[in-house]
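Engineer: In case it helps, this note's numbering puts the sequence shown at residues 1 to 96.
Where is the CB? At the ideal position from N, CA and C, for every residue including glycine.
Values in this document were obtained by computation on a predicted structure and should not be read as measured data.
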Amino acid sequence: KNDWALFSYITAYIKPYLGILLLATIALAGNLVLLLLRPYLTKQVIDLGFATNDITVIEYYAVIYGLTIIGSVLFIFVENYFLKSFGQKIIYNIRA
């Protein structure tokens with residue numbers, strides 16, 4: 001079989017589970033946003049907290065930074081859960 005024939009064969013099994021793949025993609029994008037937010041938060045701590053010796057600003061951004069870490073962990077969990085479910089369902093249907 002050529003590549004396009006194989007691709008169309010696999011696509012037939014993927015189509016019923018595009019919703020699961022979409023949820024995994026959304027979780028991936030959410031994690032990416034949170035990962036990209038961290039350097040900005042660090043910049044804010046340096047510019048607004050350390051430069052002015054304002055401990056409340058440092059604490060505020062530390063809490064937000066911690067929340068981005070927790071959010072990333074949750075997004076990674078959701079992404080892995082749905083991707084594994086997606087793969088298992090496709091393999092089950094191929095073997096059936």
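If we count the other Cβ atoms within 10 Å of its Cβ and call it buried at 16 or more, is Y92 buried or exposed?
Structural biologist: Position 92 of the sequence shown holds residue 92. Exposed, since its Cβ has fewer than 16 Cβ neighbours within 10 Å.
Engineer: Just verifying my parser: in three-state terms, what is the DSSP assignment at A27?
Structural biologist: As a position in the sequence shown, residue 27 is number 27, starting the count at 1. A27: helix per DSSP, three-state reduction.
Engineer: Tell me whether V45 is buried or exposed, calling it buried when 16 or more other Cβ atoms sit within 10 Å of its Cβ.
Structural biologist: Start at 1 with the first residue of the sequence shown, and residue 45 comes out as number 45. Buried: at least 16 other Cβ atoms inside 10 Å.
Engineer: Is the distance from the Cβ of T68 to the Cβ of L32 below 8 Å?
Structural biologist: Position 68 of the sequence shown, counted from the start, is the residue given in the question as residue 68. Position 32 of the sequence shown, counted from the start, is the residue given in the question as residue 32. Against a cut-off of 8 Å, the Cβ pair of L32 and T68 comes out as no contact.
Engineer: Excluding the 5 residues preceding and the 5 following V78 in the sequence, name in chain order all residues of the same chain whose CB lies nearer than 6 Å to its CB.
Structural biologist: If you number the sequence shown from 1, residue 78 lands on position 78. The answer, listed in chain order, is A27.
Engineer: Which residue comes first and which comes last in the alpha helix (DSSP H) that contains T56?
Structural biologist: Position 56 of the sequence shown holds residue 56. T56 -> alpha helix (DSSP H) spans 55-95.
Engineer: Report the rounded CA-to-CA distance for I10 versus L83, giving the unit in angstroms.
Structural biologist: On the sequence shown, position 10 is the one that residue 10 refers to. On the sequence shown, position 83 is the one that residue 83 refers to. Looking at the two C-alpha atoms, the distance is approximately 16 Å.
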